[in-house]
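Below is one structure, written out as C-alpha cells, with a few remarks after it.
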Amino acid sequence: MLKLDQVHTFYGQIEALKGVSLDVHPGEIVTLIGANGAGKSTLLMTICGSPHATRGSVSFEGQDITHKPTHVIMQCGLALAPEGRRIFPGLTVQENLQMGGFFADKARLETDLERVFGLFPRLKERRSQRGGTLSGGEQQMLAIGRALMSRPNLLLLDEPSLGLAPMIIAQIFQILKEIRDEGVTIFLVEQNAHRALQLADRGYVLENGRVVLADSGANLLANDQVRKAYLGAETHRADAVPTGCSAGRGHPARVQTGRMPVPHH
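Numbering (the numbering used here), first residue to last: 46 to 310.
Below, the structure written as C-alpha cells:
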C-alpha cells in the first residue's frame, strides 16, 4: 500500500532522513518509534509532500507520489492527524469535522458525521461546542475524526498520545483498533513506544534519520535493546543483540549496521 524506498529528505543543508525504506500493507497497524529529533515527523510530512523527498521514492497503492503536491496526495486516499492536533479553535466540533469532509455532498457528510460520532460519542455530545474549549483528549479525538471524514484508505497519525492522561491514551488506542477493524490501514508515529508496539502488527525504529530495526510489534516489545532505549528497562544480558526474527509478512530484520539491524526491502 505505502512504500518508501531509500528516501532522503533535507531541510536546507541538513539531512533529516538518510535513506529510509519501509512499507505498510493493507489492513495493518504499523508504528514508527524513535527519540525526539530522530526524524519521525519529517518522515510523515515527506509522505504528505511537505517537504518533498530529495532522493528516493514514495509510492501509495502503486502510484508514485514523491513529488506530487500535498493536496493531490491527500486526494489519493491518505489523511493525516498531525502532531499538536491543529484543530480550528473558533469553529464548533461539527464544523471542524465538516472541514475534513470538505468535498463531500450533504448526504455523504451526514453519513460520515454519524460514523465519527459512533467512534467518538464524546464528540457527538459536544458537537456544538467550540474546538478551543475541548480538553486535550477531546481535541485529539476531533483531529482523528476530522481526518476520517475524507474516508482515507491510510490514516497517518503523528504522536496521538502526546500530553494526554493514561486513561485517555487507552481510550484513543482502543478506538484506533476499531478504526483498523473498519478497514482503515494505520501508520502511527508515537513517542509512547510501549503503547504503540502493543497495538502494532509491525514496527520500525528510527535513529538519526535511519531505520535501524524492523520487526513485529511483539518482537520489538521483547527486544532487549528496544526495552532499554525506549521502554525504560534494563537489558537481560549485557551483550544482547537482536536476532533475525520475522518482521511480519515476510520482512526479516537481518542486516547489521550501526547499533541495530536494518531490514532489507
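Glycine residues also receive a C-beta, built at the ideal position from the N, C-alpha and C atoms.
Taking 8 Å as the limit between beta carbons, can you name the residues of its chain near residue i, skipping five residues before and five after?
i: A61; result: T54, F55, G84, T87 and G254
i: G72; result: R225, G228 and T230
i: F133; result: E140, N141, M144 and G176
Report the three-state DSSP secondary structure of residue i (helix, strand or coil).
i: H53; result: strand
i: A238; result: helix
i: D269; result: helix
i: A263; result: helix
Just the C-alpha distance for residue i and residue j, rounded to the nearest angstrom, thanks.
i: L158; j: M194; result: 7 Å
i: Q136; j: N268; result: Here residue 136 is Leu; the residue named in the question, Gln, does not match the sequence. Spanning the two alpha carbons is a distance of roughly 45 Å.
i: D150; j: R191; result: 16 Å
i: E223; j: K63; result: 34 Å
i: T156; j: G146; result: 11 Å
i: V256; j: D50; result: 12 Å
i: I59; j: T99; result: 12 Å
i: G312; j: P166; result: Residue 312 lies beyond the stretch modelled for the chain, which goes from 46 to 310, so this question has no answer here.
i: L201; j: I231; result: 6 Å
i: M119; j: N237; result: 26 Å
i: L47; j: I189; result: 20 Å
Could you check how far apart the C-beta atoms of residue i and residue j are, in whole angstroms? I think they sit under 8 Å.
i: V234; j: L67; result: Wrong, their Cβ atoms sit about 12 Å apart, outside the cutoff.
i: L187; j: L168; result: 6 Å
i: A152; j: D203; result: No, A152 and D203 are not in contact; Cβ-Cβ is about 31 Å, not under 8 Å.
Going by C-alpha to C-alpha distance, which of the options sits closest to residue i?
i: D246; options: V256, N237 and N264; result: N264
i: T91; options: T111, Q120, Q219 and D260; result: T111
i: D260; options: L242, L276, A274 and K273; result: L242
i: R225; options: L89, A152, V117 and V75; result: V75
Which same chain residues end up closer than 7 Å to residue i when comparing Cβ atoms and leaving out the 5 residues on each side of it in sequence?
i: P197; result: G122, L123, A124 and V229
i: P114; result: G94
In chain order, what residues of the same chain have a beta carbon less than 6 Å from the beta carbon of residue i, not counting five sequence neighbours either side?
i: G101; result: D50, Q51, V52 and H53
i: S173; result: T137
i: H239; result: L276
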